[in-house]
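If you read the sequence shown in the working numbering, its first letter stands for residue 4, the second for the next number, and so on.
Even glycine gets a Cβ: it sits at the ideal position worked out from N, Cα and C.
Computed from a predicted model, the values in this text were never measured in an experiment.
One structure is given here, and the rest of the page talks about it.
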Amino acid sequence: MQYKEEDSVHFVHIGRDWHIYRADMEKLWADMDSDQEALQAFAEDERLPYWAELWPSSFGLASWLLRCKSEIAGRKCMDLGCGLGFTALCGVFLGAEVLACDYEEKALELAAFNARANNIPLCSYDVFTAETFAAGPCLCSLHMDWRSPCVEAGSFTQIWAADIAYERKFMPQILKFLDYALAADGIFWIAEPSRAVYACFLEEVRNFPFTIEKVHMQTTPKINEYILSARVNIWEIKRK
């Protein structure tokens with residue numbers, strides 16, 4: 004894919020300048036009409052190119068990661084549904100080894116491009132394994148559908164995500180993945196922009212061996228005409 008400067012945004016957040024490239028979402032939507040693979044993915048799974056934008060929840064989550072720097076620095080962390088990679092890059096900037104996961108390969112390509120554009124170190128190997136994921140603060144990526152996890156069970160003490168629980172059908176799938184991937188003392192942070200549908204996620208948590216607590220709320224900045232201000236909540240999920 005070609006990434007255009009006019010689709011990128013510059014801003015300051017968590018103490019440094021960022022230059023994040025976005026995909027051309029309008030073109031992606033338009034191309035779906037002639038892309039048989041994309042049409043089939045939508046028909047089977049309602050897959051839409053939401054990964055192509057930088058959403059307000061990412062800013063709230065990044066602020067929370069800054070507050071939790073001592074908890075993630077030097078740790079192996081996962082960014083679930085990383086999209087453009089912004090919160091994964093923030094994690095690396097704050098000292099974590101971050102595995103950025105997404106089921107869209109184009110998202111992972113753009114996340115790596117954004118890492119290079121922001122001088123965030125990338126892992127020097129091509130295939131993720133528990134043994135190779137130990138290179139100090141760096142970004143590693145993994146093409147993964149959370150319904151079919153390809154990481155070791157109970158292997159992450161910190162997992163985070165921004166705005167991935169926007170459809171009710173995703174909610175039990177996300178929680179099932181967390182039950183699989185989180186360590187016994189693991190923590191999951193999820194950011195969401197005060198959508199009414201999120202009440203369903205709070206209800207769904209009761210069907211799993213987790214507790215949930217709101218730990219942060221922030222009104223995020225307006226970056227441009229596309230990335231608007233929002234009231235973002237951060238929820239923390241732990242095992243009972």
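Cβ shell of S66 (< 6 Å), same chain only, five flanking positions each side left out: Counting only residues of its own chain and dropping the five nearest sequence neighbours on each side, S66 has a CB closer than 6 Å to the CB of Q221.
Between the CA atoms of G18 and A46 - distance to the nearest angstrom: The pLDDT assigned to A46 is 42, lower than 50, so where the model puts this residue is not dependable, and the model offers no usable value.
At least 3 beta-carbon pairs within less than 8 Å: the stretch 154-169 vs the stretch 187-195: Touching, yes.
Reference G139; option with closest CA among D105, G84, C126: The residue with the shortest Cα to Cα distance from G139 is C126.
Distance CB(F204)-CB(L185) smaller than 8 Å: For F204 and L185, no; Cβs fall outside 8 Å.
Cβ-based neighbour list, A114, same chain, cut-off 7 Å, excluding 5 preceding and 5 following: So the qualifying residues of the chain are C85, L87, G88, A91, A103, S144.
Pairwise C-alpha distance: K79 and L97: Their backbone Cα atoms lie some 12 Å apart in a straight line.
Counted within 10 angstroms of its Cβ, other Cβ atoms place N121 as buried (16 or more) or exposed: It counts as buried.
E56 versus D10 - alpha carbon distance: About 10 Å.
Distance, L231 Cα to K225 Cα: One C-alpha to the other measures close to 4 Å.
Nearest candidate by alpha-carbon position, reference A110, set L178, C71, A26: Residue A26 holds the alpha-carbon nearest to the alpha-carbon of A110 among L178, C71, A26.
Where A26 sits in the DSSP three-state scheme: Residue state, collapsed to three classes: coil.
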